[in-house]
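Trainee:
Chains as they are written, first to last, in my numbering: chain P, 25 to 249; chain L, 25 to 249; chain U, 25 to 249; chain W, 25 to 249; chain E, 25 to 249; chain G, 25 to 249.
1. Applying the 10 Å Cβ sphere with the 16-neighbour rule, what's the burial state of residue 131 of chain P?
2. Check whether the region 95 to 102 of chain U and the region 91 to 103 of chain G are in contact - that is, three or more C-beta pairs closer than 8 Å.
3. Buried or exposed, going by whether 16 or more other CB atoms sit within 10 Å of the CB of residue 157 of chain E?
4. Chain W beta carbons: is any one of them nearer than 8 Å to that of residue 235 of chain G?
5. Assign residue 167 of chain U to one of two classes, buried (16 or more other C-beta atoms within 10 Å of its C-beta) or exposed (fewer than that).
6. Rounded to whole angstroms, what is the Cα-Cα separation between residue 117 of chain W and residue 134 of chain W?
7. Please go through the same chain and pick out, in chain order, the residues whose beta-carbon is closer than 8 Å to the beta-carbon of residue 113 of chain P, but skip the five residues on each side of it.
8. Could you tell me how far apart the beta carbons of residue 215 of chain L and residue 123 of chain L are, in whole angstroms, since I believe they sit closer than 8 Å?
9. Just how far apart, CA to CA, sit residue 41 of chain E and residue 184 of chain E?
10. Using beta carbons (cut-off 8 Å, strictly below), is residue 118 of chain E in contact with chain U?
11. For the candidate residues E:85, E:86, E:154, whose alpha-carbon lies nearest to that of residue 119 of chain E?
12. Straight-line CA distance for residue 57 of chain W to residue 74 of chain G?
13. In chain W, which residues lie with their C-beta within 9 Å of the C-beta of residue 219 of chain G?
14. Around the C-beta of residue 243 of chain W, are 16 or more other C-beta atoms found within 10 angstroms, so that it is buried, or is it exposed?
15. By a C-beta neighbour count over all protein chains shown, 10 Å radius and 16 as the cutoff for buried, is residue 209 of chain E buried or exposed?
16. I need the DSSP call for residue 143 of chain L, collapsed to helix, strand or coil.
17. Given a limit of 7 Å on CB to CB distance, which residues of the region 96 to 122 of chain U reach chain G?
18. Could you check the C-alpha separation between residue 202 of chain W and residue 220 of chain U for me, to the nearest Å?
19. Any C-beta of chain L sitting closer than 8 Å to the C-beta of residue 144 of chain E?
20. Name the residue from L:235, L:245, L:110 whose alpha carbon lies nearest to the alpha carbon of residue 207 of chain L.
21. Note the first and the last residue of the continuous beta strand (DSSP E) segment covering residue 159 of chain P.
22. Would a check of beta-carbon distances place residue 190 of chain L closer than 8 Å to chain W?
23. Does the beta carbon of residue 53 of chain W sit closer than 8 Å to a beta carbon anywhere in chain L?
24. Got a sec, what are the start and stop residues for the alpha helix (DSSP H) residue 44 of chain L sits in?
25. For residue 79 of chain E, would you say it is in contact with chain G, using Cβ-to-Cβ distances shorter than 8 Å as the test?
26. Excluding the 5 residues flanking residue 235 of chain G on each side, which residues of the same chain have their C-beta closer than 6 Å to its C-beta?
27. Could you confirm whether any beta carbon from chain W is found closer than 8 Å to the beta carbon of residue 44 of chain E?
28. In this structure, does DSSP put residue 220 of chain L in helix, strand or coil?
29. For residue 154 of chain W, decide whether its Cβ has a neighbour in chain P, counting only Cβ atoms nearer than 8 Å.
30. Does residue 216 of chain E have its Cβ less than 8 Å from a Cβ in chain G?
31. Under the three-state reduction of DSSP, which class applies to residue 26 of chain L: helix, strand or coil?
32. Taking buried to mean at least 16 other C-beta atoms within 10 Å of its own C-beta, is residue 189 of chain U buried or exposed?
33. Given this structure, state the Cα-to-Cα distance separating residue 25 of chain P from residue 62 of chain P, to the nearest angstrom.
34. If you run the structure through DSSP and keep just helix, strand and coil, what is residue 87 of chain U?
35. Which partner residues of residue 245 of chain U appear in the DSSP bridge assignment?
36. Check whether the Cβ atoms of residue 78 of chain W and residue 43 of chain P sit closer than 8 Å, and answer yes or no.
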């Protein structure tokens, strides 16, 4: 299988870098890469949001803030590269075609953000589409897709299985903004839909066992193409 | 004023390059650039669609097709550069920050597509946001925004003035696909909305008089921020 | 064997992209690449000439027109990349040394034009020289080298076998111009001569059976080093 | 005058970005740039050290850690770019020659780290040498050069005026390590010495009045060439 | 006027760098640049030939040797950049379009070789064509164009004035090879012809007075477009 | 083993390129690369010093001179690439991470200088650190480390075995200057120290038998980590 992982920045670097988690996820990715082709996109998380908030004091320019966020995603990506050692390609990849090349080298390409106007969720969906991946695994702060916001509604119910069309519907309600949090944004959802990409959306707890996740064992949400 | 122009590929190159139109629009842009800062984004149009259709025979990969389209937008951009002579920066610009630099050089930056997952409409909206432009002028095949598709409904009525929020609503109905035609796509509309960018959407007839258009004299649609 | 193919743009994209031919030639190249190292240079053809003609209305600058042509060669190259799927390197290669690297990756590098003042024929001859290729196969609109122009002289006779020195003599009569048509230009011929590169010059009909061509079965002209 | 500023990362981003300070220093730099040519190098500070410490869990490789630190210096540099608005060049500059070019454009180049094995102090000294700057202003956490470490020795005495040779002597005692803190490192000191660059070393308090600092009004240390 | 200078490597660096000559020609170029737009292409000369000869022991590959020669032209170009100080753009320019940009910055672009298969004579002719220069000045070891080789034939007569067509004829007799010496090569001559570029071909003695040369005062050959 | 070689420019190109030596060392490197991972850094030597001395007539700017030296190191590197044929990666590598990638391709990366302020000795130490090499072999004009300068003191004694700390002490006495000669400079020594890299420092005679050198058979100095 060819698998793309979309790892939220706030999962890797909640406040300070979560060294234990990064080490564990690297271990799982290496194990998975023995049988599968693997690529990873890393987000900006809380550090990115701090920098973006600071930039906001000086300018309302969202595109500029996207550029700042991209720098932080690359620093986060470097941490994962460090943990993967010789298994990772040592540059942060910035082009989907280069990611493809790295896979031919039997190495794991690690990407961050690529371009203003795209979250790293959108990047991972485009990458999955470009690589014609068999599976996209989204690792986020929430442990799946809910029928309403679980942080506000205690009765929110996690959805085990939805379609890509439902994913788009759900995502459309919350708009894409630089450094936004939550489930995948609408643009990412649409790329998943147009590419008909099988997707698992899982929480950090599941991510400790990524090797199981790719075999379908997890408590998150399955998005059917 | 700082003005971004978004010129549809099928306006510049309907089938073959429309040399008369390209020469005329270049003349107008030079005239405008005497008083204003000007940047232009050029689309792929019919040639792009031909190439994308051919690629579709070989692969369903939309991201790959976006890359092909980007190559054609650059060839189209080169035609406008030829017509602008020493007033244009002689490379096709691929980064918003470089476009800013070209403006500092008192030259006109010409961009094409930049990244998969974005139409050139979206690129022009992001560029306008990044440059904090005072005005975005969209030159397209249709002569403004209608309340329904004028090619299907003979009673479709052109809207003289809409808000950015209405633009998003209208655009949401037609989804972004590589090489799509029509009014600006949903993603572009959202960037116009988030950047609160004043926008004129005009047809090719108006584009022959761009100098007037930027002074508000045109038969297209005004999108209010 | 290490083989460089020089595929004329008007063969691949006579007017619109010739999807059947592109698919067929990709199939042959993949078959050949199982036993041989393969690299391909793609020309601009009719689309390039249309764009160059349009640019000529604005400027007599041949070097500028070369840049436009290069953009179209890249779009053409992308079509072949699409057809080759995972066997092709997904970028259009712009440097001979990168082409060498791609061959080490067991992939097929696809190039277009590289620099003003060079046709893609010259690029393919330089690439063959740089790679110290065993064979250069030129696929063009004419089905070989004739003793006079077959489009003008009905008694023109196809030459089965010539030397590189004869090739230079023949080519010297028609001068290199941006977007020119016909047999290889004088500069390309000189590179073939200085590199002493064995070359087959074949027509489109033969190109449907490229696998046979590389084994010497074709109706074109053999250029002996 | 041509002036290079070396602003420590922990001055700009002590923990979170110090928005007030960044805004103030940007204001001063713009004022200074009206009469002088200005370039700025920004360090990594505490955020860089956090990331480097995390990487250290995975690898002892100092060169790799330098690369991580460089990413953070660029994010820090972007904050200063945001605050400088149209006065700053919008890319983080990575080559001294490009910095020179930006100065010709009448803009302020902002650099971060450039290469492993160099702190941003060394980068700023090399930049000052390359630009043949009249003055290098180092803004750091300590308010000048002391005869012993003021954080350990309460009787440490600030030195008003030293020579470049003395600076080297003092700096030689503390060795260059990725993400090290304190006064300029030995390598930076040697570049200041070989370039015979007049240097002011000042604390954050002085930096609020950079306009005065460049006129010699400050409580830091003057390093005489 | 816009003037391109083509300065032979063996003129600048006969064996060791000719510091006096480099200083003198830089002085003249600065003087000329006060009234004219100036660009310079520098050749490889004797050092390049030494390196190419060494490479020849290892490989017959001419294209590879061209790459080596290009490295030396860049080192030579750097010497001229050093001598021109702040008047020169500090990078060796590798693209004609960038050369154009540098001219907009009121600086002098210095180029070396650009691509295999082209001498620096050809580069300067293409640059002159691209920039639509009013004049190309070729500074070479011989003091003009002769009716036969002056190093072999004591009765060789210098030609005061020839046409571009005659230049091509003369040049066609000596073929382009990497690191070749003498008057401009055939390919360069053809570019001069197709671009109809007015050209002066002068010797080193004349080059000490380049300021006069551009006003037509020299003992070399005038090539009429 | 992973081994980095640091070959002094004046060893490869004493005055003219030493073709015999380059051929011999290439032969040894290929033999070594059958069992080990190999990377090479090449210095500038006498040619670099000639160019740097010439530049010194025009400017005291050491950083600028470093850039000139870097160009010559690349030309020297190209000679070694020519001699290594298909075993070497055909570009001069400029980034440590790319060197790593080339090793994954089972090819030998050849580097020259990378950045002002670093000699190629320092580059090779950083590369060894980055690659976590098992051994660094320094090939220089002197046949090991002496207790005093053997060119001045006839009683100077070669040291068979020293520690990295002693190496730093010895190197600290001679300061880093662009194009300097002698044993490794202080900065390089410090990188060897911080990376705890086992190092052999050998002369040209030993370099004819590099295959033996890497097995510990040589007359140079062993630097113990």
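For every residue, glycine included, the Cβ atom is placed at its ideal position computed from N, Cα and C.
Mentor: For this structure:
1. Classification of residue 131 of chain P: buried, given that the 10 Å Cβ count is 16 or more.
2. No contact exists between the region 95 to 102 of chain U and the region 91 to 103 of chain G.
3. It is buried - the Cβ of residue 157 of chain E has at least 16 other Cβ atoms within 10 Å.
4. No, residue 235 of chain G lies away from the interface with chain W (no Cβ there is under 8 Å from its Cβ).
5. Buried, by the Cβ-count rule.
6. Cα to Cα, the separation comes out at about 6 Å.
7. Contacts found: 105, 126, 129, 131, 132, 133, 134.
8. Not a contact, Cβ separation roughly 15 Å.
9. Roughly 30 Å separates the two Cα atoms.
10. Cβ-Cβ to chain U under 8 Å: no for residue 118 of chain E.
11. It is E:154 whose Cα lies nearest to the Cα of residue 119 of chain E.
12. The C-alpha of residue 74 of chain G is placed about 39 Å away from the C-alpha of residue 57 of chain W.
13. Those within 9 Å of residue 219 of chain G in chain W are 84, 85, 86, 87.
14. Its Cβ having fewer than 16 others within 10 Å, residue 243 of chain W is exposed.
15. Burial is judged here by how many other beta carbons sit within 10 angstroms of a residue's own beta carbon; residue 209 of chain E has at least 16 and is buried.
16. The answer is coil: DSSP assigns residue 143 of chain L none of H, G, I, E or B.
17. Cβ contacts with chain G come from 121.
18. Below a pLDDT of 50, predicted positions are generally treated as unreliable, and residue 202 of chain W, at 38, falls in that range; no measurement from the model is reported.
19. Closer than 8 Å: no.
20. Among L:235, L:245, L:110, the Cα nearest to that of residue 207 of chain L belongs to L:245.
21. First-last of the beta strand (DSSP E) with residue 159 of chain P: 159 to 163.
22. It does not; no Cβ of chain W falls within 8 Å.
23. No, residue 53 of chain W does not count as interfacial toward chain L.
24. For residue 44 of chain L, the uninterrupted alpha helix (DSSP H) run begins and ends at 43 to 57, by DSSP.
25. By this cut-off, residue 79 of chain E is an interface position.
26. Contacts found: 52, 55, 56.
27. No, its Cβ sits nowhere closer than 8 Å to a Cβ of chain W.
28. Looking at residue 220 of chain L - three-state DSSP - the assignment turns out to be coil, as it is neither helix nor strand.
29. By this cut-off, residue 154 of chain W is not an interface position.
30. No - not a single Cβ of chain G is within 8 Å of the one on residue 216 of chain E.
31. Three-state result, residue 26 of chain L: strand.
32. So residue 189 of chain U ends up on the exposed side.
33. Whole-angstrom Cα-Cα distance: 8 Å.
34. It is helical.
35. According to DSSP, residue 245 of chain U bridges with U:225.
36. In contact: residue 78 of chain W and residue 43 of chain P (Cβ atoms closer than 8 Å).
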